[in-house]
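Structure record follows, encoded as structure tokens.
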Amino acid sequence: MKILFPSLALVLLAACSQPSDPEPVGEPSGTAIPQPAPASSLDALPASPASASANDSASVLPATVPPAFRALGTEPFWSASVKGATLTYSTPESPDGIAIPVRRTERDGKAVFAGTLDGKPLELEVGAGNCSDGMSDTVYPLTVVRRIGPDIQRGCAR
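Residue numbers -22 to -1, 1 to 136, in mature numbering (1 follows the signal peptide of the UniProt record, and there is no 0), belong to the letters of the sequence shown in order.
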């Protein structure tokens, strides 16, 4: 009986340990499997890319962001509806939203919509890439970084 308890503990510990990483299996020619890109500080925010690759930002074409789309974010909840040169920004406290004029520019392969909301600069940076809102199983085709003054939040759009 004295041997049973230490043996049982050893078996349980072995079952809980992390498996070692297996060697990447490549094609017969020996090509390696690509590794994911390192996470940025914004990835800690609720909405994040569902499957980003290291080349996403380099291959994004600004034309992939349509002139009309809806963006949203969670924790805190917010949404923005863009139609041409108008952005309507909504929150649970302001469900009807506030419409503001915005100007579209291109930066680092992404579309940037800039305007002023309640005296603070508002900016939506929108780019192509799969995105999850962190609360549903929906995968959105666009990623968003929303800036209002110093407040930065990540979201998704379609």
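Note that beta-carbon positions come from the ideal geometry of N, C-alpha and C, so glycine has one too.
The straight-line gap separating the alpha-carbon atoms of Asn108 and Phe47 is approximately 15 Å.
If the five residues before and after Arg136 are omitted, its C-beta is found closer than 7 Å to the C-beta atoms of Phe47, Arg48, Tyr118, Pro119 and Leu120, all from its own chain and listed in chain order. Burial is judged here by how many other beta carbons sit within 10 angstroms of a residue's own beta carbon; Arg81 has fewer than 16 and is exposed. Excluding five sequence positions before and after Pro45, the CB atoms of its chain that fall closer than 6 Å to its own CB belong to Gly62, given in chain order.
Residue environment for Arg124: buried (at least 16 other C-beta atoms within 10 angstroms of its C-beta).
Taking 9 Å as the cut-off, the Cβ atoms of Asp111 and Thr52 count as close. Residue burial is scored here from C-beta neighbours: Ala106 has at least 16 other C-beta atoms within 10 angstroms and is therefore classed as buried.
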